[in-house]
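A.B. asks:
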Amino acid sequence: MTMPGLRRWKSSCARSTASRSPCLQAPRRKMRVPDTERAALAAAAAREAGRYLRESRRSPLAEAVLPHDVKLEQDRRSEEMILCRISQAFPDDGWLSEESGERRSASGYVWVVDPLDGSVNYFQGIPHCCVSIACRGNSGPLLGVVYDFFRDELFAAEAGKGAFLNGSRIRVSATRNLSEAVMAFGLMKDPREIAAGLAVLSRLAAQVKKVRMMGSAALDLCYVASGRADLFVEFGLKPWDVAAGALILGEAGGILQEEETQGMRMSVASNGLIQPRWRGTTRRIRGEK
Numbered sequence: 041m042t043m044p045g046l047r048r049w050k051s052s053c054a055r056s057t058a059s060r061s062p063c064l065q066a067p068r069r070k071m072r073v074p075d076t077e078r079a080a081l082a083a084a085a086a087r088e089a090g091r092y093l094r095e096s097r098r099s100p101l102a103e104a105v106l107p108h109d110v111k112l113e114q115d116r117r118s119e120e121m122i123l124c125r126i127s128q129a130f131p132d133d134g135w136l137s138e139e140s141g142e143r144r145s146a147s148g149y150v151w152v153v154d155p156l157d158g159s160v161n162y163f164q165g166i167p168h169c170c171v172s173i174a175c176r177g178n179s180g181p182l183l184g185v186v187y188d189f190f191r192d193e194l195f196a197a198e199a200g201k202g203a204f205l206n207g208s209r210i211r212v213s214a215t216r217n218l219s220e221a222v223m224a225f226g227l228m229k230d231p232r233e234i235a236a237g238l239a240v241l242s243r244l245a246a247q248v249k250k251v252r253m254m255g256s257a258a259l260d261l262c263y264v265a266s267g268r269a270d271l272f273v274e275f276g277l278k279p280w281d282v283a284a285g286a287l288i289l290g291e292a293g294g295i296l297q298e299e300e301t302q303g304m305r306m307s308v309a310s311n312g313l314i315q316p317r318w319r320g321t322t323r324r325i326r327g328e329k
C-alpha cells in the first residue's frame, strides 16, 4: 500500500529548508538502524509533542490567521520537537513536514510529519486534534503514528504487523450498506474543492446513516480504521494529512483511494466493503457513466 499523494514527490526530497533549531543541523553519519527503533521514536516523539500541545492548550498563539486556517506558534514548536528527535537519532533521514518543508534523505528513509492536525480546532478550544508522524523507506511505507493528545489515544501501525490503539488491535467495521454507514467528511480551503465537496455531501448526506465533520483528517482515517466510522471523504488532502493514517487504515483492513476530477484530488477511505457502491455513487455525482 502506498501513501496517497506521496507518489507526487520523490522519497529523496529535492530541496532542503533552513532549520529553525540548532539540533536540526546534527552531523550526518551512515549507519543501519532497525526499523523498530524508528517506530519507538515515532511514538515517543508524538507523545512528547502531544504533551506540550496539551499543556499549551489554554494559550494558543496565532502567528497568522488565514481565511480558512490558522498558523500557530504551537504548530511550529511541536514540529521542532519532532524533527529534533528525528535529526538527533537518525541524522541521515530526510523529512517532509507541513511547516518546514523538505530535507533530502541520505539514508533512503523519509519522515512525513504533521505536528498539529486540526489547528483550527485547537485554536478554538475544540479537543479534537492530533500529532501525525509517518516514515517510509525505499520499499514503501514503514510506520505510522497518530496521537490524540486530548484523549491520550495512540493509533499506531507498522507495515505487515497490524494496527493498534493504545496497544490493542483494531479493525475496520463490518458495515456493508451505505444506508447504515457513518461518514466522516472534511472540507479544505480551496473554493473549487469546497464546492466539489459540498456537491458530494449534498448527494450522499441522505444516503448514509449520519455525517460527521470533525476537523482532523488524520483522526478521521483512524476512526475508519478502528470502526468508529465507516467512510471518510475529503478533497485536496496533502501527504502529511494522510501519510500515517493511510498505513494505519490499511493495516486495519481498510482502503484509501484517490480519484482525480477536474484537476482536483478526492480521497475516499472506507472499510473496504462499502467502497464499490461508494465509487459508483461518486461517478454519478460527477455526471460520469
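Here the sequence shown is numbered in this note's numbering, starting from 41 and rising by one per residue. Cβ atoms here follow ideal geometry from the backbone N, Cα and C, with glycine treated the same way.
(1) Closest to Q297 by C-alpha separation, out of G303, A82, V273, would be which residue?
(2) Assuming S310 contacts L271 under a Cβ cut-off of 8 Å, what Cβ separation, rounded to an integer in Å, is found between them?
(3) How is the alpha helix (DSSP H) around C124 delimited, first residue to last?
(4) Applying the 10 Å Cβ sphere with the 16-neighbour rule, what's the burial state of L123?
(5) Report the three-state DSSP secondary structure of A309 (helix, strand or coil).
(6) Can you give the Cα-Cα distance for R97 and I166, rounded to whole angstroms?
(7) Check for me: the alpha helix (DSSP H) holding S242 runs from which residue to which?
(8) Taking only three categories from DSSP, how would you classify F204?
(9) Counting along the chain, where does the beta strand (DSSP E) carrying R176 start and finish?
(10) Can you tell me which of the three DSSP states V212 falls into?
(11) What separation, rounded to the nearest whole angstrom, lies between the Cα atoms of E139 and V152?
(12) Closer than 8 Å is the cut-off here; do at least three beta carbon pairs connect the region 224-233 with the region 198-206?
(13) Tell me the DSSP bridge mates of I295?
(14) So R116 packs on Y187, CB below 8 Å; how close in whole Å?
(15) Can you find the residues in the same chain that come closer than 6 Å, C-beta to C-beta, to A174, ignoring five residues on each side of it along the sequence?
(16) What is the rounded straight-line gap between the Cα of A66 and the Cα of L81?
(17) Measure how close the beta-carbons of A292 and S266 come, nearest whole angstrom, since I'm counting them as under 8 Å.
(18) Could you name the residues that DSSP lists as bridge partners for L194?
(19) Can you say whether A197 is buried or exposed, counting buried as having 16 or more other CB atoms within 10 angstroms of its CB?
(20) Mark E77 as exposed unless 16 or more other C-beta atoms lie within 10 angstroms of its C-beta, in which case mark it buried.
(21) Do Y162 and L194 have their CB atoms nearer than 8 Å?
(22) From S127 to E119, what does the alpha carbon distance come to, in whole angstroms?
(23) Is DSSP giving V248 helix, strand or coil here?
(24) Do G134 and R144 have their C-beta atoms within less than 8 Å of each other?
(25) For R191, is the classification buried or exposed, using 16 other Cβ atoms within 10 angstroms of its Cβ as the cut-off for buried?
(26) Going by beta carbon distance, what residues of the same chain come within less than 6 Å of E220, once the five residues before and after it are set aside?
(27) Which whole-angstrom value describes the C-beta separation of S159 and W280, a residue pair presumed to lie in contact below a C-beta threshold of 8 Å?
(28) According to DSSP, R78 sits in a beta bridge with which residue or residues?
(29) How big is the Cα-Cα spacing for R176 and M306?
(30) Taking 6 Å as the limit between beta carbons, can you name the residues of its chain near L313, skipping five residues before and five after?
C.D. replies: Reading it off the structure:
(1) As a first step, residue 297 must be located in the sequence shown, where it is residue number 257. Out of G303, A82, V273, V273 has the C-alpha closest to the C-alpha of Q297.
(2) Here residue 310 refers to the residue found at position 270 when the sequence shown is read from its first residue. Here residue 271 refers to the residue found at position 231 when the sequence shown is read from its first residue. Taking C-beta atoms under 8 Å as the contact rule, S310 and L271 qualify, at a distance of about 5 Å.
(3) In the sequence shown, counting from the first residue as 1, residue 124 sits at position 84. 113-129 is the span of the alpha helix (DSSP H), which, as asked, contains C124.
(4) Here residue 123 refers to the residue found at position 83 when the sequence shown is read from its first residue. Per the 10 Å Cβ criterion, buried.
(5) Numbered from its first residue, the sequence shown carries residue 309 at position 269. Strand.
(6) In the sequence shown, residue 97 corresponds to position 57, counting from 1. In the sequence shown, residue 166 corresponds to position 126, counting from 1. When rounded, the distance between both Cα atoms is 10 Å.
(7) Within the sequence shown, the letter at position 202 stands for residue 242. For S242, the enclosing alpha helix (DSSP H) covers residues 231-244.
(8) Here residue 204 refers to the residue found at position 164 when the sequence shown is read from its first residue. In the structure shown, F204 sits in a strand (DSSP, three-state: E or B).
(9) Walking along the sequence shown from the start, residue 176 turns up at place 136. Under the DSSP assignment, R176 falls in the beta strand (DSSP E) whose first and last residues are 170-177.
(10) For the purposes of this step, residue 212 is taken as residue 172 along the sequence shown, with counting starting at 1. DSSP places V212 in coil when its eight states are reduced to three.
(11) Along the sequence shown, read from residue 1 onward, the residue named residue 139 stands at position 99. Along the sequence shown, read from residue 1 onward, the residue named residue 152 stands at position 112. Looking at the two C-alpha atoms, the distance is approximately 11 Å.
(12) Result no; under three Cβ-Cβ pairs closer than 8 Å.
(13) To locate residue 295, count along the sequence shown from 1; it is residue 255. Paired residues: S310.
(14) For the purposes of this step, residue 116 is identified with residue 76 of the sequence shown, where counting begins at 1. For the purposes of this step, residue 187 is identified with residue 147 of the sequence shown, where counting begins at 1. R116 to Y187, Cβ: 18 Å. No contact.
(15) If you number the sequence shown from 1, residue 174 lands on position 134. Closer than 6 Å at Cβ, skipping near neighbours: V152, G184, A283, A284.
(16) For the purposes of this step, residue 66 is taken as the residue at position 26 of the sequence shown. For the purposes of this step, residue 81 is taken as the residue at position 41 of the sequence shown. Because A66 carries a pLDDT of 49, less than 50, the predicted location of this residue cannot be relied on, and no value is offered for it.
(17) Locating residue 292 in the sequence shown gives position 252, counting from the first residue. Locating residue 266 in the sequence shown gives position 226, counting from the first residue. A292 to S266, Cβ: 7 Å. Contact.
(18) Locating residue 194 in the sequence shown gives position 154, where the first residue counts as 1. L194 pairs with Y187.
(19) Sequence index remark: in the sequence shown, residue 197 carries index 157 (1-based). That one is buried.
(20) Position 37 of the sequence shown, counted from the first residue, corresponds to residue 77. Looking at its Cβ environment, which holds fewer than 16 other Cβ atoms inside 10 Å, E77 is exposed.
(21) For the purposes of this step, residue 162 is identified with residue 122 of the sequence shown, where counting begins at 1. For the purposes of this step, residue 194 is identified with residue 154 of the sequence shown, where counting begins at 1. In this structure, L194 does not lie closer than 8 Å to Y162 by Cβ.
(22) Here residue 127 refers to the residue found at position 87 of the sequence shown. Here residue 119 refers to the residue found at position 79 of the sequence shown. Looking at the two C-alpha atoms, the distance is approximately 12 Å.
(23) Position 208 of the sequence shown, counting from 1, holds the residue named residue 248. DSSP places V248 in coil when its eight states are reduced to three.
(24) Counting from 1 along the sequence shown, the entry for residue 134 is found at position 94. Counting from 1 along the sequence shown, the entry for residue 144 is found at position 104. The answer is yes: Cβ separation under 8 Å.
(25) Residue numbering aside, residue 191 sits at position 151 when the sequence shown is read from its first letter. That one is exposed.
(26) Position 180 of the sequence shown holds residue 220. Hits under 6 Å: K249.
(27) Here residue 159 corresponds to residue number 119 of the sequence shown, with the count starting at 1. Here residue 280 corresponds to residue number 240 of the sequence shown, with the count starting at 1. Contact flag wrong, Cβ pair sits at about 12 Å.
(28) On the sequence shown, position 38 is the one that residue 78 refers to. Note: R78 sits in no beta bridge, so no partner.
(29) As a first step, residue 176 is located in the sequence shown; it is residue number 136 there, counting from the start. As a first step, residue 306 is located in the sequence shown; it is residue number 266 there, counting from the start. Going from the Cα of R176 to the Cα of M306 covers about 23 Å.
(30) Residue numbering aside, residue 313 sits at position 273 when the sequence shown is read from its first letter. Answer for L313: R216, listed in chain order.
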